[in-house]
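Remarks on the structure that follows.
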Amino acid sequence: MAKLAIVGGKPVRRKPFPAWPAYSNQEARALLRVLRSRNWGGYPFPNAHASTFAARFAKAHGAKYGIALANGTVAIEVALKAIGIKPGDEVIVPAYTWEGTVGPVLLLNAVPVFVDVDPHTYCLDARRIEKAITPKTRAILPVHLAMNFADLDEILRVARARNIAVIEDCAHAHGGQWRGKGAGASGDLGCFSFQSSKIITAGEGGAVITSNLEFYECAQSYVNCGRASVSDEFRHRLIGFNYRITEFQAAILEVQLERMPKQAKTRQANMEHFEKRIRGTPGLAFLKRDKRVTRLAAYQYVFKYVPENFGGIPRAAFLGALEMEGIPCDGLFYEPVYRSALFPVDPTDFPALSWGRPEPLNLKSLYHSPVSERAAYEEAVWLPHHLFLGSRKDADDIANAVLKVCENINELRDLKHPAIARKAMSRAERPRIEKRQW
Ligand SMILES: Cc1ncc(COP(=O)(O)O)c(C=O)c1O
Numbered sequence: 009m010a011k012l013a014i015v016g017g018k019p020v021r022r023k024p025f026p027a028w029p030a031y032s033n034q035e036a037r038a039l040l041r042v043l044r045s046r047n048w049g050g051y052p053f054p055n056a057h058a059s060t061f062a063a064r065f066a067k068a069h070g071a072k073y074g075i076a077l078a079n080g081t082v083a084i085e086v087a088l089k090a091i092g093i094k095p096g097d098e099v100i101v102p103a104y105t106w107e108g109t110v111g112p113v114l115l116l117n118a119v120p121v122f123v124d125v126d127p128h129t130y131c132l133d134a135r136r137i138e139k140a141i142t143p144k145t146r147a148i149l150p151v152h153l154a155m156n157f158a159d160l161d162e163i164l165r166v167a168r169a170r171n172i173a174v175i176e177d178c179a180h181a182h183g184g185q186w187r188g189k190g191a192g193a194s195g196d197l198g199c200f201s202f203q204s205s206k207i208i209t210a211g212e213g214g215a216v217i218t219s220n221l222e223f224y225e226c227a228q229s230y231v232n233c234g235r236a237s238v239s240d241e242f243r244h245r246l247i248g249f250n251y252r253i254t255e256f257q258a259a260i261l262e263v264q265l266e267r268m269p270k271q272a273k274t275r276q277a278n279m280e281h282f283e284k285r286i287r288g289t290p291g292l293a294f295l296k297r298d299k300r301v302t303r304l305a306a307y308q309y310v311f312k313y314v315p316e317n318f319g320g321i322p323r324a325a326f327l328g329a330l331e332m333e334g335i336p337c338d339g340l341f342y343e344p345v346y347r348s349a350l351f352p353v354d355p356t357d358f359p360a361l362s363w364g365r366p367e368p369l370n371l372k373s374l375y376h377s378p379v380s381e382r383a384a385y386e387e388a389v390w391l392p393h394h395l396f397l398g399s400r401k402d403a404d405d406i407a408n409a410v411l412k413v414c415e416n417i418n419e420l421r422d423l424k425h426p427a428i429a430r431k432a433m434s435r436a437e438r439p440r441i442e443k444r445q446w
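If you read the sequence shown in the numbering used here, its first letter stands for residue 9, the second for the next number, and so on.
Written as structure tokens, this is what we have:
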């Protein structure tokens, strides 16, 4: 019997996977050009590379306008501001996402309303939205993750009937398409992150795209200290901040955007091969592939480990064993935001949580989202996209390791191992020395 690496056997793989971020001399040359130009910052806004990149990025996703800015969290804040979110407004958000989807809602003194995710996609469950709508609902903020899109048909139907804005969080969906339309272009605005782990990256960075000139102007002004936008047709004056991106970042992103389609093709082919190899494995389950997703965006490959089918052996043991076989992986990639240690909401900091109520809203105790909780604490397995940027042999190694751990799962029963303890830790608890940056 093959012995699992975690109990002293030979690991499936010792060779590292393709490193991420990927770069070439093109990035080096682009950086040097900016360096020599001495035109480094985001001002005058939008600066040369920032403007070119933003226009190309928006076009690649089928939107008229794009703004490159500091990061994805700020992108969401800017989008909320652009639709005119006001203190006390409510914004519907999925429970299962990064805290950065929700933080900006609170920052603007609006109120996040958590809705559970769909068990087949792990994205905002559109069937639950109507029940969460109140007269204060101003926006719905779906997040497209796990190689899926939230059901935009249903979300837009519900939103349009009530004049509610839709802001798509596309931090995992660069290059993806829903019914032939780019991520972020179906809703009123789309928000992207270019943080280190993302499909294209400049270390940090973000973008907002839209086809609505008024939203674009507001967003531009907010990102650029409240200054008039380039067109300034609507003449909205507002207090803005410096959320500009640097020319170094934008120049790198121009190169990365060009490389994105080729990488997406490789990634998709390897992921499909991997999935074919492990589909049908007793105990594993798979998310839905919706035909309306006409182009895949694969930030992470996500599948389900069903502990009940493995005699109750917890996911952390499966993941610890998989990691020891040489496969980087994660389980507690996201927590239901309301339960996360990275979301310690004190209502005195966010007055809208108390307005018109006998007691302030306690976001931690108010919500229970069973699908999100199960995904977060029991079943979701996340494999980073760069594992799939190499050869078919790499994808075979990942599949062989998954199959090996499943077949020898009993070796993990009651096992105590630091790799397992690490896999049980939430992101907030993880030591800062962890090698991977996400
Ligand atoms: C779903 C989601 N939304 C928002 C963000 C925020 O992006 P950033 O880290 O660039 O601020 C991220 C980034 O990790 C994300 O994954």
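Note that beta-carbon positions come from the ideal geometry of N, C-alpha and C, so glycine has one too.
Which of helix, strand or coil DSSP assigns to PHE318: Under the three-state reduction of DSSP, PHE318 is assigned to helix.
**Message:** Only counting the same chain, and skipping five residues up and downstream in sequence, which positions put a Cβ closer than 6 Å to that of MET2?
**Reply:** With the chain covering 9 to 446 only, the question about residue 2 has no answer from this structure.
Backbone CA spacing between ILE253 and GLY80 [nearest angstrom]: Cα to Cα, ILE253 sits roughly 11 Å from GLY80.
Proximity test, SER201 beta-carbon vs ligand 1 heavy atom, cut-off 7 Å
At least one heavy atom of ligand 1 lies closer than 7 Å to the C-beta of SER201.
Query raised in the report: Any idea what DSSP makes of ALA68, helix, strand or coil?
Result: In this structure, ALA68 counts as helix in the three-state DSSP scheme.
| said: To test your reading of the DSSP string, which unbroken beta strand (DSSP E) runs of 3 or more residues are found completely within the region 357 to 440? | reply: Listed in chain order, the complete beta strand (DSSP E) runs (minimum 3 residues) inside the region 357 to 440 are 388 to 392.
TODO: Would you kindly report the start and end of the unbroken beta strand (DSSP E) that includes ILE217?
DONE: Run containing ILE217: 214 to 218, per the beta strand (DSSP E) assignment.
For the alpha helix (DSSP H) that contains GLY50, what are its first and last residues? Looking at the DSSP string, GLY50 is not in any alpha helix (DSSP H), and its letter there is neither H nor E.
- THR109 - containing alpha helix (DSSP H), residue span: Per DSSP, THR109 belongs to the alpha helix (DSSP H) from 107 to 115.
For LEU160 and VAL101, which I take to be in contact (beta-carbon distance under 8 Å), what is that distance rounded to the nearest angstrom? The beta-carbon distance between LEU160 and VAL101, rounded to whole angstroms, is 16 Å. This is too long to meet the 8 Å contact definition.
| task | With DSSP as the reference, label ILE201 as helix, strand or coil. | result | The sequence as given places Ser at residue 201; Ile does not occur at that position. The answer is strand: DSSP assigns SER201 an E or B state.
- Candidates SER362, TYR313, PHE358: closest to GLY339 by CA position: Taking only the C-alpha atoms, the option nearest GLY339 is TYR313.
Would you report the Cα separation of TRP446 and PHE202, rounded to the nearest angstrom?
-> Because the pLDDT of TRP446 is 39, which lies under 50, any placement of that residue in the model is unreliable, and the number read from its coordinates should be weighed accordingly. The alpha-carbon separation between TRP446 and PHE202 amounts to approximately 12 Å.
- [ ] Identify which residue in TYR31, LEU411, ARG435, ARG41 has its Cα closest to the Cα of ALA204.
- [x] One point to set straight first is that residue 204 is Ser, not Ala, in the sequence displayed. Proximity to SER204 across TYR31, LEU411, ARG435, ARG41 peaks at TYR31, based on C-alpha coordinates.
Notebook entry, point to check: Which whole runs of the alpha helix (DSSP H) in the region 160 to 187 are 4 residues long or more, in chain order?
Noted result: The region 160 to 187 contains these whole alpha helix (DSSP H) runs: 160 to 170.
Original post:
Per the contact definition of three or more C-beta pairs closer than 8 Å, is the region 136 to 143 in contact with the region 78 to 92?
Top reply: With contact defined as three or more Cβ pairs closer than 8 Å, the region 78 to 92 and the region 136 to 143 are not in contact.
(Q) Threshold first: 4 residues or longer. Then list the alpha helix (DSSP H) segments lying entirely within the region 17 to 96, N to C. (A) With a minimum length of 4 residues, the continuous alpha helix (DSSP H) runs that stay inside the region 17 to 96 are 33 to 45, 56 to 68, 80 to 90.
N-terminal and C-terminal residue of the alpha helix (DSSP H) that PHE256 is part of = The continuous alpha helix (DSSP H) containing PHE256 extends over residues 255 to 286.
Q: Indicate, with yes or no, if ligand 1 has a heavy atom lying under 7 Å from the CB of HIS180.
A: Within the cutoff, so yes.
Sub-8 Å separation of VAL110 and VAL413 beta-carbons: In terms of Cβ geometry, VAL110 and VAL413 do not form a close pair [threshold 8 Å].
Let me confirm a value: SER380 is counted as buried when at least 16 other C-beta atoms fall within 10 Å, else exposed. Which label applies? By the 10 Å Cβ count, SER380 comes out buried.
Close-in-space but distant-in-sequence residues of the same chain around GLY334 (CB under 8 Å, 5 per side omitted)
Within its own chain, the residues whose Cβ lies closer than 8 Å to the Cβ of GLY334, once the five positions on either side in sequence are excluded, are ALA13, PRO19, VAL20, ARG21, ARG22, LYS23, ASP405, ALA409, listed in chain order.
**Report entry** DSSP beta-bridge partners of VAL125
**Finding:** Listed as beta-bridge partners of VAL125 by DSSP are LEU132.
- Please report the residue range of the alpha helix (DSSP H) in which ALA293 lies. Bounds of any alpha helix (DSSP H) do not take in ALA293; it lies within the beta strand (DSSP E) bounded by 292 to 294.
**Prompt:** Are VAL216 and ALA87 close, meaning C-beta to C-beta below 8 Å?
**Reply:** The beta carbons of VAL216 and ALA87 sit closer together than 8 Å.
What beta strand (DSSP E) runs, 3 residues minimum, are completely inside the region 297 to 347? Fully enclosed beta strand (DSSP E) runs of 3 or longer: 301 to 303, 308 to 313.
- Message: Please determine whether the Cβ atom of THR209 lies at a distance below 7 Å from any heavy atom of ligand 1.
- Response: No - ligand 1 has no heavy atom lying nearer than 7 Å to the Cβ of THR209.
*Who pairs with TYR104 in a beta bridge, going by DSSP?*
TYR104 is bridged to PRO344.
| message | Can you tell me which residues form a DSSP beta bridge with GLY190? | response | Paired residues: GLN185.
Simplified DSSP assignment, three categories, for GLN445
Confidence in GLN445 is poor, its pLDDT being 42 and thus under 50, which makes the residue's placement too unreliable to answer from.
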